[in-house]
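Numbering (the numbering used here), first residue to last: -5 to 420.
To start, the structure under review is shown below, and the notes come after it.
So, in structure tokens, the structure goes:
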């Protein structure tokens, strides 16, 4: 078997345990939902999700999320003589909202008489705006501007899907805003949208679909977040490709995690037409900041600052097209942004092992989560995709299933002796 094929297929089998990071995606579905509720208007040329938001646009969005649009417009109509900013003549549509925020002490200018409406709004600025919409305040010490991102992340407003530290676009504005609508307010409401409906800023009919989605999502997230420190999981992955490349993969693994230690044992079998199956046995351990790997007797280690992110985590809300609670299951279907998000991660792995592959497209992506006695019992994810290899189409189908066999104090991670015999990977 060619070396690149081994790299490719090992990468595919491991894709379900990779660390997810932010990637480019279009959150048009979130923009549509916000627009339907009167919380996002876009521009004269559309949503323009691929450019940075301005301070004027962020200020307008904050007023809408605070449910104060009518109040701001009424204040402006009653007289704007006290409006201090002199650089907003070309932003007359935002003047009522900037005026209201300034009068309310919720947004300041860049100087005594300048708001700099065309300057870009950063992720940190917008995180602070969303926290204010949820009722948190720097004035009373809830958070500081410097820790706005981390505070928003800890309160379910910012996550790896709607925040990219290298760039902040209107795409992220709608994704983070929709996420904030589902977040609990400081005042105790289940979510911000419930507060906006109660205050009359959003109609019950316009919000009903989102409110049901948020309720189902909270139940699902609670199950995923309630996984205890100690956990033992069995994972089964199947992968098949046909067309320009024909093969089958079967991978079985067992993983145990407790505290800052982890062990994993896996077996990977790759079958190609006309060739003997390729079988790889792998034992891995995380201990003392190192990732130790024994692959068919070849023992290596590499430094790793933290334990690999293989614990089950809730899929970010803005990546879900539909979530249904049925009996003891949650069934998730991913939207276009969700497919693009995970496609970018899979593509990175594929390119590492097989640079000849092109045009990867995930065509289907869904997950099922099974619950027993209020706790996570099992989850599975199915993927269909296509790619191009040497001008031929490769059709891909993959299924990954995990079951929880043990949790809590009974889980014990055994790291073997003799780790000093492992050599540092090059």
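Ideal Cβ positions, reconstructed from N, Cα and C, are used throughout, including at glycine.
Here the structure is a predicted model, which is why all the values come from computation and not from measurement.
In terms of Cα proximity to residue 214, the closest of 80, 320 and 203 is 320.
In the assembly as shown, residue 180 is an exposed residue. Its beta-carbon has fewer than 16 other beta-carbons within 10 Å. The Cβ atoms of residue 280 and residue 255 lie closer than 8 Å to each other. If you check the CB distance, residue 384 and residue 238 come in under 8 Å. Rounded to whole angstroms, the gap between the alpha carbons of residue 292 and residue 224 is 29 Å. Distance from the Cα of residue 127 is smallest, within the candidate group 176, 75, 97 and 56, for 56.
Between the region 324 to 335 and the region 355 to 363 there are three or more C-beta pairs closer than 8 Å, enough to call the two in contact.
Residue pairing by DSSP places residue 237 opposite 388 in a beta bridge. In summary, residue 51 is buried, with 16 or more beta-carbon neighbours lying within 10 Å of its beta-carbon over all protein chains present. For residue 190, the uninterrupted alpha helix (DSSP H) run begins and ends at 186 to 192, by DSSP. For residue 401, the CB contacts under 8 Å within the same chain, skipping 5 residues up- and downstream, are 221, 222, 224, 225, 226 and 369 in chain order. Where residue 143 is concerned, the enclosing alpha helix (DSSP H) starts and stops at 142 to 148.
By the neighbour-count criterion, in which 16 or more other beta carbons inside 10 Å mark a residue as buried, residue 257 falls on the buried side.
When secondary structure is reduced to three states using DSSP, residue 87 falls in the coil class, being assigned neither helix nor strand. Counting every other CB atom within 10 Å of its CB across the protein chains shown gives residue 140 a total below 16, marking it as exposed.
DSSP places residue 138 in the coil class of the three-state scheme, outside both helix and strand. Proximity to residue 253 across 97, 413 and 404 peaks at 404, based on C-alpha coordinates. Within the model, the alpha-carbon separation for residue 184 versus residue 396 is close to 31 Å.
Minimum Cα-Cα distance from residue 244 among the listed residues 251, 250 and 262 corresponds to 262. Judged by their CB atoms, residue 205 and residue 186 are not nearer to each other than the 8 Å cut-off. Between the alpha carbons of residue 24 and residue 337 lies a distance of about 19 Å. Taking the Cα of residue 373 as reference, the smallest distance to any Cα among 177, 326, 83 and 39 is reached at 326. When 407, 417, 114 and 64 are compared, the shortest CA-CA separation from residue 296 is found for 417. Rounded to the nearest whole angstrom, the CA to CA distance from residue 284 to residue 35 is 50 Å. Ranked by how close their Cα comes to the Cα of residue 165, the residues 26, 110 and 216 have 26 in first place. The straight-line gap separating the alpha-carbon atoms of residue 207 and residue 273 is approximately 44 Å.
By DSSP's assignment, residue 246 forms a beta bridge with 230 and 261. Annotation: residue 101 is outside any alpha helix (DSSP H) and is labelled neither H nor E by DSSP.
In the three-state DSSP reduction, residue 335 falls in the helix class (H, G or I). Under the DSSP assignment, residue 65 falls in the alpha helix (DSSP H) whose first and last residues are 63 to 71.
With the rule of 3 Cβ pairs closer than 8 Å, the region 100 to 112 does not count as touching the region 154 to 162.
By the Cβ neighbour-count rule, residue 90 is buried, with 16 or more other Cβ atoms within 10 Å of its own.
CA-CA distance, residue 46 to residue 411, rounds to 53 Å. DSSP places residue 213 inside the alpha helix (DSSP H), whose first and last residues are 198 to 219. Separation of residue 266 and residue 298 (C-alpha to C-alpha, rounded to the nearest whole angstrom) is 34 Å. Annotated three-state conformation of residue 74 is coil, per DSSP.
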